[in-house]
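What follows is a set of notes on a single structure, which appears directly below.
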Amino acid sequence: MDWYRKRTLGGILDEAAARFGKREALVFGAQRWTFAELNDETDRVAKALIALGVHAGEHVALWMTNRPEWLFLMFGVARVGGCLVPLNTRYRTDDVAYAVRQSKSTTLISLERSGPIDYQGMLAETMPSIERHTDGSLVIEGYPDLKRLVVMGNRTLPHALDWEQFMAGGLRISDTELSARKTAVDPDGRMVICYTSGTTGSPKGVVHSHRPIRNTHERAQMLGMTMHDIHMNYLPLFHLYAYAEITMAGVLVGAKQIMMDVFDAERALDLAEQEKATVLHGFEAHWLDLLNAQARKPRDIKMRIGTLPSGVESTFPIAEKVQDVFGPTVSGFGMSETWAYISCDNPSSTREQRVHASGYPMNDYEFRVVDVETGADQPDDEPGELLVRGYAIMDCYWDKPEATADAIDRDGWLHTGDMAKKRADGYLVFMGRYKDMLKVGGENVSPAEVEAYLRVMDEVRDAAVVAYPDQRLAEVPVAFVIKEPGKEITAEALLERMHGRIASFKIPRHVIFVDAYPMTSSGKIRKVELRAEARRILG
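In the numbering used here, the protein residues as written are 6 to 544.
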């Protein structure tokens, strides 16, 4: 697609500063930045990264809640030719250790803590020994590739830099040196690695170059986004949803974002009213909380358009109500492997299309819906597995060539593992996952990963995790556990062992003890029957 001018993530912020310099770009609490100021602060961070020793092609892991520094690093790492590895802030010790090691990140930048969550303490638990080489790089036990640590807040990790020390290093880097690094960035090089849970049980790092900038740019224009729009950003920046649809889109068109550190529906609507926000975003769980908050205390919300990924039947009642209470939303489909929205509604789509379907294919993306047994294309309105091909699907799963080959066939089709159908009007309908993935309030949860945690417990012979419907989160995990003969353990004790070790959204809400599982003739657990059994037992 060479006819589309290739851009880099760091470069689009430079362009925004030139076009929209004096317009406000970011609001966080009482702090405000124009595009020019955001660009200048990003340059300072980019210089600090160079001084720290970050080279082109290196991976920089970022474990931080939403805050301005997240944006400075998002664009700053790209400016020096690095690749950002955003870490889920709901990760716990084992989660974050795996992602940092598997990504071979050379630098880790972390928040000290957020409220009661002690991020630095969790890192210290996985880093029993930290020593410094004579050249200044670190040797960290258990992290063979990690050389540098930066902690924002009260630093206690040995030999880590605090934010002020980190930024001070950049003072010795010249504008000329930074300019040379910017110019050398390859638009086809790695921009971001997003970790997504997989049905194999081990999370996979999805690698994207700068190419998806085109996808986000075209969608922003399709949705009529301009410098007059004001986005509410309460979605976590480590997800592509906020990364692409709010931050990247805002920079491309000159829109402002009102950033919140965490999602709180009451505070979000208060800010939306105060700042006259025109664009709101969220999965069904976010919108349900916003609806309830608006019902408790009506605000004058000036929403021009909203985004609400729909198509799954459980979202229809929420999406319908949002149209009446807040205004029109557009739906769409995307996943980490394809980019955030590769199908999307046009604002002129009918209400039925915007609520009951999952958008229309974006430019230069191809969709197929195939029979999972035969691979034959399904006719309209017949469900099958969704296959996607396009210029901005992932480059690969980082350091997992076999998993990449399993996902992308010889003809370039990504096998999503998702169930979908195509309608006669050309719209896609996302119907759920053929893969055994759960979607807990917008977070992907791999049952295999949770099962693996349960199986290592001495009292557990086997574990099977399935989805159980939840009014707010869409679905939550339920674990069916077979105990080891002669050993006893309560459901409460099983779950307590998982707290603080893995993200809270991965922890099952219920444990059901069974003597055996329903099995297929080939020896696989019939999880469809377990899901039905969970509904029968739990209601």
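We put the beta carbon where it would ideally sit given N, CA and C, even for glycine.
In this structure the stretch 448-461 does not touch the stretch 289-309; the number of beta carbon pairs closer than 8 Å is below three. Here DSSP, grouped into helix, strand and coil, assigns D329 to helix. Taking the Cα of D385 as reference, the smallest distance to any Cα among I530, L14, D430 is reached at D430. Its Cα nearest to that of Y370, the residue S348 stands out among M157, S348, V190, R514. DSSP places Y246 in the helix class (H, G or I) of the three-state scheme. The stretch 42-58 and the stretch 281-292 do not touch, with fewer than 3 CB-CB distances between them shorter than 8 Å. Residue burial is scored here from C-beta neighbours: H60 has fewer than 16 other C-beta atoms within 10 angstroms and is therefore classed as exposed. Distances from the alpha-carbon of M196 to those of T334, T13, R95, K152 put T13 closest. Using a 10 angstroms sphere on the CB of F518, the tally of other CB atoms stays under 16, which defines it as exposed.
The DSSP-derived three-state label of T231 is coil. By the criterion of at least three beta-carbon pairs nearer than 8 Å, the stretch 268-279 is not in contact with the stretch 99-116. Runs of the alpha helix (DSSP H) lying entirely within the stretch 45-81, each at least 4 residues long, are absent. Distance between T112 and I263, taken at the CA atoms: about 29 Å. In summary, N449 is buried, with 16 or more beta-carbon neighbours lying within 10 Å of its beta-carbon over all protein chains present.
Your pair I494 and E464 checks out as a contact, with CB atoms roughly 4 Å apart and the cut at 8 Å. With contacts defined by Cβ atoms closer than 7 Å, E117 and P133 do not form a contacting pair. Comparing alpha carbon positions, the residue from I114, M503, G255 closest to R160 is I114. In this structure N71 is buried. Its beta-carbon is surrounded by 16 or more other beta-carbon atoms within 10 angstroms.
Taking H286 as reference, the option from Y239, L391, A508 with the minimal CA-CA separation is Y239. As DSSP reads the structure, E371 sits in a beta bridge with R394. Bounds of the alpha helix (DSSP H) holding D180 are 180-188.
With contacts defined by Cβ atoms closer than 7 Å, V65 and V50 do not form a contacting pair. Under the three-state reduction of DSSP, A408 is assigned to helix. Using a Cβ distance threshold of 7 Å, L443 and P482 count as a contacting pair.
Going by DSSP, E480 is part of no alpha helix (DSSP H) but of the beta strand (DSSP E) stretching over 479-488. Within the DSSP secondary-structure output, P474 pairs in a beta bridge with E480.
Here L240 carries a coil assignment [DSSP, helix/strand/coil].
The three-state secondary structure of L443, taken from DSSP, is strand. 7 Å or more divides the Cβ of P452 from the Cβ of D467.
DSSP places R272 in the helix class (H, G or I) of the three-state scheme.
For W292, the uninterrupted alpha helix (DSSP H) run begins and ends at 289-301, by DSSP.
Under the three-state reduction of DSSP, Y103 is assigned to helix.
Taking the Cα of Y246 as reference, the smallest distance to any Cα among E182, L313, P192, Q358 is reached at L313. Around the beta carbon of G380, fewer than 16 other beta carbons sit within 10 angstroms, so the residue counts as exposed. Per DSSP, the beta bridge partners of F518 are V486.
Check the Cα spacing between L89 and each of W75, R97, A23, R95: the tightest is with W75.
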